[in-house]
Each structure stands twice: as structure tokens, then as C-alpha cells.
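In the UniProt record's numbering, the protein residues as written are 1 to 398.
Note that the Cβ used here is the ideal one computed from N, Cα and C, for glycine as well.
Rendered as C-alpha cells:
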């Protein structure tokens with residue numbers, strides 16, 4: 001009986017060899033891909049390790065440089081690892097930062113250091129000549145300044161990190177604002193005084209009154225009346241505007257200190273919400289200024305109305321003239337609608353209010369504090385135009 005199996009031929013041998021070679025090739029390819037992936041991952045890990053090590057070494061280098069610089073500056077020794085940070089946080093009873101700085105300046109000289117932590121060094125300078133030299137060298141070239149204004153108010157042509165880029169515009173704006181102050185010198189103090197005194201009486205009724213708040217209200221009212229006219233003093237939302245401005249001023253530098261905008265922080269979005277509310281209020285007062293401008297222009301062009309208003313008082317005439325004059329300078333280009341495409345609407349106005357209020361409040365606060373501490377100077381204040389304003393406020397403060 002014959003077997004049913006097919007006879008073995010040379011062709012069958014070739015087929016078996018081909019299938020074996022294909023299996024070997026597939027195994028070699030999978031091994032190659034596995035080795036290639038492992039080498040890529042290892043390369044990526046080594047690059048990451050080198051980059052992280054380099055960054056850490058840079059951090060250590062900066063820290064050692066800070067420690068070396070700090071050792072060269074005189075100052076009180078640290079009693080703990082966290083330095084004198086407890087004085088700022090207020091957790092240490094019986095002492096504060098101001099007293100420590102005063103005592104340290106008497107003991108160590110005009111330039112002293114305070115360690116607030118292993119990576120934070122506070123340097124206090126008392127010598128006016130050194131302060132002036134430092135400000136002349138620094139100017140306005142701190143990156144934090146431009147970033148703070150950009151986060152709060154958007155791109156601006158007046159407040160950037162490089163002072164040279166905006167120097168001409170700022171000088172032009174200062175000339176325009178100084179001219180407005182001189183033109184309205186006879187009526188701004190009276191109106192501002194009435195507004196400030198009303199705020200002070202409200203604060204006294206609540207039992208909270210200090211020199212800082214008084215100087216803040218004065219600066220806010222003076223600058224607002226200078227930029228927007230008398231409509232600002234009668235604006236019902238002025239108090240809310242001032243509160244928002246101070247809240248933004250409190251957190252501006254903190255959020256600007258991040259190298260990358262902290263979109264993942266809830267507090268940052270609350271801060272942005274405050275900035276949006278401030279922008280809406282700025283647009284509101286600008287619209288009121290535009291309406292008053294159009295209204296008074298219409299009255300001035302109407303002969304009948306002009307003839308019937310001849311008998312009005314000088315204060316009313318001054319108010320009309322101040323409202324009619326719409327200056328065409330860098331700041332009030334936003335009122336006319338001539339905006340730079342890259343800039344945020346109202347950005348320059350909010351920036352001027354922000355920077356101007358803080359700076360002016362500091363100056364007024366220093367003057368008031370010095371007058372309170374030196375009563376003999378109060379008799380000589382008559383050479384200043386705001387003497388009567390200071391005199392009334394000093395009586396309240398003292």
C-alpha cells in the first residue's frame with residue numbers, strides 16, 4: 001500500500017528556508033526598534049539631567065554670589081534660619097521693621113542689610129547722596145516695572161521697562177499736565193479740598209483716619225480733577241475707582257514677579273478681574289467727559305444761551321471753560337479715539353492714574369508727616385499754595 005504523503009522536493013526546501021529568513025528579519029527589526037527607542041530615551045534623560053544640573057548650578061552660583069555680597073554690607077546678625085522675616089509678617093511681638101532699621105542705621109551706618117531668609121536680602125540706604133546716585137543709575141530700566149503695567153493695564157506707550165523709549169513722550173505729557181495745573185490753579189484746590197474734607201469726615205465717623213489715607217485721597221482727587229476736570233469730583237463711582245486702584249497697586253508687583261504669567265493661579269484671575277473693572281470705570285468717566293465736552297461746546301455755540309448765562313458767577317464760568325477745553329496731547333488722544341493699535345484702550349490713562357496717585361500720595365504724606373512732627377514749620381507753609389488745605393487737615397490729624 002502506497003503512502004499518501006507528497007514526495008519531498010528541492011522546491012519545498014527553498015520555501016522552508018524563505019519562511020525562516022522572514023521570521024529572522026522580523027525579529028531583527030523588532031530588536032532594532034527596541035534598541036533605538038531605548039537609546040533615544042536614554043539620550044533624552046541624559047540631556048534632561050545635564051540641563052537640570054546646569055540650572056541648579058546657576059541657582060547655587062547666584063546664591064553664593066548673594067551671600068558673598070551680603071557679607072560685605074554691615075548689618076545686624078540673624079537669629080534664625082529665616083532671618084528677620086518675622087518682623088515683616090508681624091509674628092514677632094514687641095518689635096517692628098521700622099524700629100530695627102532705625103537702630104541699625106545708628107549702629108552700622110547709612111547702608112545696612114537685613115536677611116529676610118536664605119535667598120532674600122533687604123538693603124536699606126539712608127544717605128540722600130547714595131539714594132540719588134542709585135536712582136540715576138537705575139532710572140526706569142527695571143523689567144518688573146514694565147511687566148507690572150503691562151499685566152494690569154495692557155501695552156502702553158508711556159510705561160515700559162526702558163526709560164529711553166518713552167522719555168520724550170513723558171516729558172511732553174509732563175509739560176501738558178503742568179500747563180493744565182497752572183491754568184486751573186485758582187479752582188482745583190477749592191474743589192479738591194471740599195471733596196477731600198467730605199471723605200475725611202466720613203472716615204472720622206467710621207473711626208479710621210491716618211496720614212496715609214489723607215494723602216492718598218488728596219493725591220487721587222488732585223490728579224483726577226487735573227485729568228478729567230470737575231466731572232471727576234462729582235462722579236459717583238470715584239470712591240470705588242480709588243479702592244480698585246489701591247487694590248491693584250497692592251498686588252501688581254507680586255504678579256509681575258513671575259517669569260511666566262501664572263495662568264494656573266486663581267488669585268491671578270481675580271487680579272485680572274479687578275483690572276477689567278478698573279478699565280470699565282475709566283471708560284465710564286471718559287464717556288462723561290466727552291458728554292460734558294459736547295454739551296458745553298453746544299452751549300458755547302448757542303448765542304441765546306450765551307446771552308442768558310452772562311450773569312452767572314465766576315466759578316461757573318471757570319467750570320465751563322475747564323470742561324470745554326479738551327487738550328490734544330499724548331494722554332487725551334484716547335479721548336479723541338486716536339489709539340495705537342498695539343495699545344490697550346485707556347491703558348495710558350490708567351497708568352498715569354496708577355503711577356501718579358502713588359507718587360503724589362507719597363510726596364504729600366511726607367510733607368504732612370514733617371509738618372506734624374515740626375510744628376514750627378507750619379507758620380512758614382504760607383509760601384505754598386496748598387497752605388490752607390494742609391492747615392485744615394493738620395488740625396484734624398493733630
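Three-way DSSP call (helix, strand, coil) for residue i in this model
{"i": "residue 110", "result": "coil"}
{"i": "residue 125", "result": "strand"}
{"i": "residue 115", "result": "strand"}
{"i": "residue 167", "result": "helix"}
{"i": "residue 72", "result": "coil"}
{"i": "residue 280", "result": "helix"}
Buried versus exposed, by CB contacts within 10 Å (16 or more), residue i
{"i": "residue 214", "result": "buried"}
{"i": "residue 99", "result": "exposed"}
{"i": "residue 281", "result": "buried"}
{"i": "residue 107", "result": "exposed"}
{"i": "residue 216", "result": "buried"}
{"i": "residue 196", "result": "buried"}
{"i": "residue 204", "result": "exposed"}
{"i": "residue 271", "result": "buried"}
{"i": "residue 225", "result": "buried"}
{"i": "residue 148", "result": "buried"}
{"i": "residue 259", "result": "exposed"}
{"i": "residue 39", "result": "exposed"}
{"i": "residue 313", "result": "Confidence at residue 313 is low in this model, with a pLDDT of 36, below 50, so its placement is unreliable and the value that follows should be read with caution. By the neighbour-count rule (16 or more Cβ atoms within 10 Å), residue 313 is not buried but exposed."}
Beta-carbon proximity check, residue i vs residue j, cutoff 9 Å
{"i": "residue 104", "j": "residue 75", "result": "yes"}
{"i": "residue 347", "j": "residue 155", "result": "yes"}
{"i": "residue 130", "j": "residue 110", "result": "yes"}
{"i": "residue 245", "j": "residue 360", "result": "no"}
{"i": "residue 256", "j": "residue 357", "result": "no"}
{"i": "residue 152", "j": "residue 219", "result": "no"}
{"i": "residue 369", "j": "residue 288", "result": "no"}
{"i": "residue 261", "j": "residue 254", "result": "no"}
{"i": "residue 78", "j": "residue 115", "result": "yes"}
CA nearest to the CA of residue i, picked from the options
{"i": "residue 286", "options": "239, 255 and 227", "result": "227"}
{"i": "residue 124", "options": "73, 172, 39 and 167", "result": "73"}
{"i": "residue 283", "options": "150, 117, 241 and 49", "result": "241"}
{"i": "residue 211", "options": "38, 371, 44 and 256", "result": "371"}
{"i": "residue 353", "options": "260, 238 and 369", "result": "238"}
{"i": "residue 80", "options": "117, 112 and 167", "result": "117"}
{"i": "residue 170", "options": "355, 374 and 376", "result": "355"}
{"i": "residue 233", "options": "254, 351, 115 and 198", "result": "198"}
{"i": "residue 173", "options": "349, 119, 375 and 52", "result": "349"}
{"i": "residue 351", "options": "41, 150 and 367", "result": "150"}
Residue-chain proximity (residue i, chain B), Cβ-Cβ < 9 Å
{"i": "residue 150", "result": "Among the protein chains of the structure shown there is no chain B, as only one such chain exists."}
Nearest-angstrom Cβ-Cβ length linking residue i and residue j, presumed shorter than 8 Å
{"i": "residue 66", "j": "residue 121", "result": "6 Å"}
{"i": "residue 63", "j": "residue 119", "result": "6 Å"}
Residue i Cβ short of 8 Å to the ligand GTP heavy atom set
{"i": "residue 61", "result": "Within the structure as shown, the ligand GTP is missing, as the structure has no ligands at all."}
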